[in-house]
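What follows is a single structure, written as structure tokens, with notes after it.
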Amino acid sequence: MSEGKIIAVWGSPNSGKTTVATKLATAIYDNYQSTVIVLYTDIETPALPVIFPNEKTEDVGSVGIPLSKVEVDRDDVIRNLVITKNRQNFGFIGYRAGDNKFTYPKFGRAKAEALLEELCELANYVIVDCTSNLENNVLSSVAVEMSEQIIRLASPDLKSISFFLSQLPVYADEKYRLSEHIQGINTPNEDVFMPIEETKSHLKDVRFSVPYCEEVKLQMQKGSLIEATKDKVFDSRMSEIAGKVVTYGQV
Ligand SMILES: Nc1ncnc2c1ncn2[C@@H]1O[C@H](COP(=O)(O)OP(=O)(O)OP(=O)(O)O)[C@@H](O)[C@H]1O
Ligand SMILES: [Mg+2]
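Residue numbers (the numbering used here): 170 to 420.
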């Protein structure tokens, strides 16, 4: 069996899943000398054109390619990783500009499992940016099933609370492992709509919260999310979460 651990990041729409998954991966890579891969599962709003808007489209691979073959092939997976110049052993894989559900053949659980297993062969940590709707995205749902840890993100606003009130019963099936989820709060906007304490009272057992960071907001707008920030509060919080994730589930 492969040694890599899958960390799934799931939560309400716009709660910061893509941001937190990327920053968490960066913190694990920087602090623990690990090989890290981020898998972006969204095929309706592919993440690669957002994370790497300055890369030429022809230089960016797509996770749809290895998933289209009869068997998921390791070299195919490697060829479709986005690797940046400054960081070796840090890869990103997801859907690229223009991809949609018609671009590649449909695939099922077995393919998704095979892909995740290959990623675990290649990396110590596979951080999966899941879609809010797990039932619509087989990569996300299989990642949740196979993961070592599941981070569940909420944002401090009424929409996020409403999402969980509505959707947690949808994911009652044991395979979604609701009772194991590590609940966190991320603040994706400057104008906090709801006090953190009030948000916590709606969510059970909040284990961490990530503060709003202006620089991160700008990084997402400029396409430099994988670069370091100068915000010590944000960075130390991400490092703390990374530390707990690495030392096995003690978030
Ligand atoms: N801690 C933070 N500080 C500042 N901005 C943030 C933070 N977290 C997220 N954001 C911003 O909030 C917005 C939503 O974040 P993101 O795209 O990561 O959410 P998401 O949950 O992945 O959304 P979706 O449901 O569309 O996939 C982005 O503009 C992002 O830059
Ligand atoms: Mg996202």
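Note that beta-carbon positions come from the ideal geometry of N, C-alpha and C, so glycine has one too.
Apart from the five residues on each side of it in sequence, which residues of its chain come closer than 7 Å, Cβ to Cβ, to M170?
Its pLDDT being 48, under 50, M170 is placed unreliably in this model, and the value from its coordinates should be taken loosely. Closer than 7 Å at Cβ, skipping near neighbours: no residue.
Cβ of K186 versus every heavy atom of ligand 2: is any distance shorter than 6 Å?
Checking the 6 Å criterion, the Cβ of K186 is within range of a heavy atom belonging to ligand 2.
Is M363 near ligand 1, in the sense that its beta carbon is under 6 Å from a heavy atom of that ligand?
Checking the Cβ of M363 against ligand 1 gives no.
Give the secondary structure of Q318 by DSSP, where H, G and I count as helix, E and B as strand, and everything else as coil.
It is a strand residue.
Give the single residue among M315, K280, P274, G233 whose Cα lies nearest to the Cα of Y294.
Of the candidates M315, K280, P274, G233, the one whose C-alpha sits nearest the C-alpha of Y294 is M315.
With burial defined as no fewer than 16 other Cβ atoms inside 10 Å of the residue's Cβ, what is the status of T300: buried or exposed?
That one is buried.
Nearest-angstrom Cα distance between K254 and I262?
Our two residues, K254 and I262, have alpha carbons roughly 16 Å apart in a direct line.
For K275, which three-state DSSP category applies?
Residue state, collapsed to three classes: coil.
DSSP on V313, reduced to helix/strand/coil?
Looking at V313 - three-state DSSP - the assignment turns out to be helix.
With 16 other CB atoms within 10 Å as the buried threshold, where does L334 fall?
Residue burial is scored here from C-beta neighbours: L334 has fewer than 16 other C-beta atoms within 10 angstroms and is therefore classed as exposed.
Any non-hydrogen atom of ligand 1 within 6 Å of Y340 CB
No; taking the cut-off as 6 Å, the Cβ of Y340 has no heavy atom of ligand 1 nearer than that.
Within 6 Å: the Cβ of C299 and any heavy atom of ligand 1?
No; taking the cut-off as 6 Å, the Cβ of C299 has no heavy atom of ligand 1 nearer than that.
Just to confirm my understanding: we take Q318, look at its own chain, exclude 5 residues before and 5 after, and list those with CB closer than 7 Å. What are they?
The residues are I176, I351, V414, G418.
Nearer than 6 Å: is that true of the beta carbon of V402 relative to any heavy atom of ligand 1?
It does not: the Cβ of V402 is nowhere closer than 6 Å to a heavy atom of ligand 1.
Beta carbon of S405, beta carbon of S184: below 7 Å?
It is not a contact, given that the beta carbons lie outside the stated cut-off.
Given 6 Å as the limit, tell me if V379 has its C-beta closer than that to any heavy atom belonging to ligand 1.
Distances taken from the Cβ of V379 to the heavy atoms of ligand 1 include one shorter than 6 Å.
Return helix, strand or coil for I247, following the three-state DSSP convention.
Here I247 sits in helix by DSSP.
Would DSSP call A397 helix, strand or coil?
Of the three classes helix, strand and coil, the one that applies to A397 here is coil, per DSSP.
How close, in whole Å, do the beta carbons of M407 and L193 come, if the pair is a contact with beta carbons under 8 Å?
6 Å between Cβ atoms; contact.
Alpha carbon of K238 to alpha carbon of V402, nearest angstrom
Roughly 44 Å separates the two Cα atoms.
Per DSSP, L208 is paired with what?
According to DSSP, residue pairing for L208 in a beta bridge involves I262, V297.
Span separating the alpha-carbon of S203 from that of E304:
Computed Cα separation, rounded: 31 Å.
By the three-class DSSP mapping on this structure, what secondary structure does K386 have?
Helix.
Would you mind working out which of D268, L394, T398 sits nearest V219, comparing C-alpha positions?
Per the C-alpha coordinates, the member of D268, L394, T398 positioned closest to V219 is L394.
Best match in F276, K225, E367 for proximity to G233 [C-alpha to C-alpha]
Cα-wise, what sits closest to G233 is F276.
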